[in-house]
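Chemist: A single structure is presented below for examination.
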Amino acid sequence: MQRIRFRLPERNTRRARVLVAALLSIFLLGGMFGPTAASATPAHTAPWGGYDELWVPSSMGNIKVQVQWAARGGNAALYLLDGLRAQNDRNAWSFETNALDQYRNDNITLVMPVGGESSFYTDWYAPSNFNAQPITYRWETFLTHELPDFLAGYGVSPTNNAIIGLSMGGSAALNLAGHHRDQFKFAGSLSGYINISGPGMREAIRVAMFDAGRYNVDSMWGPPWSSGWLRNDPFVNAESLRGLSMYISSSNGIPGPYDHPSAPIDYFHTATGMGLEALSWVHARAFEIRLKSMGIPATYSFPPAGIHSWPYWSAELWMARGQILDTMNAW
Numbered sequence: 154m155q156r157i158r159f160r161l162p163e164r165n166t167r168r169a170r171v172l173v174a175a176l177l178s179i180f181l182l183g184g185m186f187g188p189t190a191a192s193a194t195p196a197h198t199a200p201w202g203g204y205d206e207l208w209v210p211s212s213m214g215n216i217k218v219q220v221q222w223a224a225r226g227g228n229a230a231l232y233l234l235d236g237l238r239a240q241n242d243r244n245a246w247s248f249e250t251n252a253l254d255q256y257r258n259d260n261i262t263l264v265m266p267v268g269g270e271s272s273f274y275t276d277w278y279a280p281s282n283f284n285a286q287p288i289t290y291r292w293e294t295f296l297t298h299e300l301p302d303f304l305a306g307y308g309v310s311p312t313n314n315a316i317i318g319l320s321m322g323g324s325a326a327l328n329l330a331g332h333h334r335d336q337f338k339f340a341g342s343l344s345g346y347i348n349i350s351g352p353g354m355r356e357a358i359r360v361a362m363f364d365a366g367r368y369n370v371d372s373m374w375g376p377p378w379s380s381g382w383l384r385n386d387p388f389v390n391a392e393s394l395r396g397l398s399m400y401i402s403s404s405n406g407i408p409g410p411y412d413h414p415s416a417p418i419d420y421f422h423t424a425t426g427m428g429l430e431a432l433s434w435v436h437a438r439a440f441e442i443r444l445k446s447m448g449i450p451a452t453y454s455f456p457p458a459g460i461h462s463w464p465y466w467s468a469e470l471w472m473a474r475g476q477i478l479d480t481m482n483a484w
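For the sequence shown, this note's numbering begins at 154 and goes up steadily by one.
Written out as structure tokens, the structure reads:
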């Protein structure tokens, strides 16, 4: 049988070739870049309210950051720093407190970085050699460069930020704000150890970090005579905090309204919390005297009872809320 062939006019043939090429390009580019680029590329305006878990590129690898967006798309952010035993799956502010509910209707984005156990949220000299740490902590770089640059893609300002932390995170919040005044307008320390050069503190930090993950403190700031210790002591660098809105809080270690131990382990944790809080109270009072002697104002909160535990920090976060929102113009 004779095969019958149909030939398109030359003009139509060229159009068909162009159409096929265009469709092929779309298909290939979509397969190579489409879903990945869409999930990794930030929006250009801040989402209104809601909650996300972001993976942010850094020199330490991708870091998980829990975010509750400003209720009305505002560009202000409040960074919430964790304590010495920070977990790798979620920031304790998100489940040990009601921080999300406290700020849900406010025009400020909550930023809760995940991880950083025993890091003091600083840039370390080297990986810890006691526990075969695979990376060098670079938390200051992350929190002051990589993370704000990433969040800027969502409409969060790199220069309109507040930062607050508890215990280890308290001293870190003051250090980061003091060294990066272009980024932070407010800093808060809740039961923080903010006189690191005080008697016995360098030895105490060494023991605490070894207990919380077998970290070698010499990998962080070097030996006790290193300048790294002085750079990361808010007491020493108090002048860098002048003009910054600050909230400094600590109780005295006396068990308070949230403490109801019943089992032996509860009594153990209560006793530990009493000692830790009493030490932070000494630091906060010394810091108060230091700032007042320099003519640097700050807000102080010294509740009559309370230990080193989350219910008290949740309450203090609420107490600081008005000052934070006023400073950030984020009501």
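Just so it is clear, CB atoms sit at the ideal spot from N, CA and C, and this is done for glycine as well. Source: prediction; values computed, not measured.
1) Can you name the start and end residues of the alpha helix (DSSP H) that residue 396 belongs to?
2) Which term fits residue 402, buried or exposed, when burial requires 16 or more other beta carbons within 10 angstroms of its beta carbon?
3) Keeping to the same chain, check which residues put their C-beta closer than 6 Å to that of residue 281; ignore five residues upstream and five downstream.
4) Look up residue 485 in the DSSP assignment and say whether it is helix, strand or coil.
5) Using beta carbons (cut-off 8 Å, strictly below), is residue 285 in contact with chain C?
6) Do residue 461 and residue 433 have their beta-carbon atoms positioned less than 8 Å apart in this structure?
7) Would you say residue 220 and residue 250 are within 8 Å of each other, going by their C-beta atoms?
8) Exposed or buried, residue 215, counting other C-beta atoms within 10 Å across all chains shown (16 or more means buried)?
9) Hey, how far is the Cα of residue 426 from the Cα of residue 405?
10) Within a Cβ cutoff of 8 Å, which residues of the same chain sit near residue 237, ignoring the five residues on either side of it in sequence?
11) Counting C-beta neighbours from all protein chains within 10 Å, is the total for residue 301 16 or more, i.e. buried, or is it exposed?
12) According to DSSP, simplified to helix, strand and coil, what is residue 355?
13) Go through its chain and collect everything with a Cβ distance to residue 429's Cβ below 6 Å, but skip five positions before and after it.
14) Between the C-alpha atoms of residue 349 and residue 342, what's the straight-line distance to the nearest angstrom?
15) Suppose the cutoff is 7 Å on Cβ atoms and the five residues either side in sequence are ignored; what does the same chain contact list for residue 326 look like?
16) Among residues of its own chain, excluding the 5 on either side of residue 485, which ones have a beta-carbon nearer than 7 Å to its beta-carbon?
17) Count the other CB atoms within 10 Å of the CB of residue 293; is the residue buried (16 or more) or exposed (fewer)?
18) Apply the 10 Å Cβ neighbour rule to residue 100 and answer buried if 16 or more other Cβ atoms are within range, or exposed otherwise.
19) Could you check how far apart the C-beta atoms of residue 347 and residue 437 are, in whole angstroms? I think they sit under 8 Å.
20) Can you tell which of 351, 484 and 384 has its C-alpha closest to the C-alpha of residue 333?
21) Given a cut-off of 8 Å, decide if residue 390 and residue 351 are closer than it, judged by their beta-carbon atoms.
22) With residue 427 as the anchor, note down where its alpha helix (DSSP H) starts and where it stops.
23) At 4 residues or longer, and completely inside the stretch 280 to 355: list those alpha helix (DSSP H) runs for me, N to C.
24) Take residue 314 as the anchor and find which of 210, 398 and 212 has the nearest alpha-carbon.
25) Taking Cβ to Cβ, would you say residue 266 is nearer than 8 Å to residue 309?
26) Per DSSP, what are the beta-bridge partners of residue 261 in this structure?
27) Buried or exposed for residue 227, going by 16 or more other Cβ atoms inside 10 Å?
Modeler: The structure says:
1) As a position in the sequence shown, residue 396 is number 243, starting the count at 1. Run containing residue 396: none; DSSP gives neither H nor E here.
2) Looking up residue 402 in the sequence shown gives position 249. Using a 10 angstroms sphere on the CB of residue 402, the tally of other CB atoms reaches 16 or more, which defines it as buried.
3) Your numbering for residue 281 matches position 128 in the sequence shown. The beta carbon of residue 281 sits closer than 6 Å to the beta carbons of 368, 369 and 372 from its chain, once the five residues preceding and following it are set aside; these are given in chain order.
4) In the structure as shown, the chain begins at 154 and stops at 484. Residue 485 is therefore absent and cannot be evaluated.
5) The displayed structure is made up of one protein chain only, and chain C is not part of it.
6) Within the sequence shown, the letter at position 280 stands for residue 433. Within the sequence shown, the letter at position 308 stands for residue 461. Yes, the pair counts as a contact, with Cβ atoms nearer than the cut-off.
7) The residue labelled residue 220 in the question sits at position 67 within the sequence shown. The residue labelled residue 250 in the question sits at position 97 within the sequence shown. Contact flag unset, no.
8) Mapped onto the sequence shown, residue 215 falls at position 62. Counting C-beta atoms within 10 angstroms of its own C-beta, residue 215 has fewer than 16 neighbours from the protein chains shown and is therefore classed as exposed.
9) Position 273 of the sequence shown, counted from the start, is the residue given in the question as residue 426. Position 252 of the sequence shown, counted from the start, is the residue given in the question as residue 405. Taking the straight line joining both Cα atoms gives about 10 Å.
10) By 1-based counting over the sequence shown, the position of residue 237 is 84. Closer than 8 Å at the Cβ level, and outside the excluded window around residue 237, lie 270, 271, 320, 321, 361, 362 and 365.
11) Residue numbering aside, residue 301 sits at position 148 when the sequence shown is read from its first letter. For residue 301, the number of other beta carbons within 10 angstroms of its own is at least 16, and it is reported as buried.
12) If you number the sequence shown from 1, residue 355 lands on position 202. Secondary structure at residue 355: helix, using DSSP grouped into helix, strand and coil.
13) Stepping through the sequence shown from its first residue, residue 429 is reached at position 276. Excluding five sequence positions before and after residue 429, the CB atoms of its chain that fall closer than 6 Å to its own CB belong to 461, given in chain order.
14) Along the sequence shown, read from residue 1 onward, the residue named residue 349 stands at position 196. Along the sequence shown, read from residue 1 onward, the residue named residue 342 stands at position 189. Looking at the two C-alpha atoms, the distance is approximately 14 Å.
15) Position 173 of the sequence shown, counted from the first residue, corresponds to residue 326. Within the same chain, residue 326 has close Cβ partners 234, 316, 317, 318, 340, 341 and 342.
16) For residue 485 there is no data in the structure shown, the boundaries of the chain being 154 and 484.
17) Your numbering for residue 293 matches position 140 in the sequence shown. With 16 or more other Cβ atoms within 10 Å, it is buried.
18) Shown here, the chain extends from 154 to 484; a query on residue 100 therefore has no answer.
19) Taking the first residue of the sequence shown as position 1, residue 347 is located at position 194. Taking the first residue of the sequence shown as position 1, residue 437 is located at position 284. Yes, they are in contact, since the Cβ atoms of residue 347 and residue 437 sit about 7 Å apart, within 8 Å.
20) Walking along the sequence shown from the start, residue 333 turns up at place 180. Scanning 351, 484 and 384 for the CA closest to the CA of residue 333 turns up 384.
21) Within the sequence shown, numbered from 1, the residue matching residue 351 stands at position 198. Within the sequence shown, numbered from 1, the residue matching residue 390 stands at position 237. Their beta carbons are not under 8 Å apart, which means residue 351 does not touch residue 390 by this criterion.
22) Walking along the sequence shown from the start, residue 427 turns up at place 274. Secondary structure note for residue 427: its alpha helix (DSSP H) is the uninterrupted segment 417 to 447.
23) 300 to 305 and 321 to 332, all fully within the stretch 280 to 355.
24) Stepping through the sequence shown from its first residue, residue 314 is reached at position 161. It is 398 whose Cα lies nearest to the Cα of residue 314.
25) As a first step, residue 266 is located in the sequence shown; it is residue number 113 there, counting from the start. As a first step, residue 309 is located in the sequence shown; it is residue number 156 there, counting from the start. No, these two residues do not count as a Cβ contact at 8 Å.
26) On the sequence shown, residue 261 is found 108 positions in, with the first residue counted as 1. Bridge partners of residue 261: 229.
27) Within the sequence shown, numbered from 1, the residue matching residue 227 stands at position 74. Burial call: buried.
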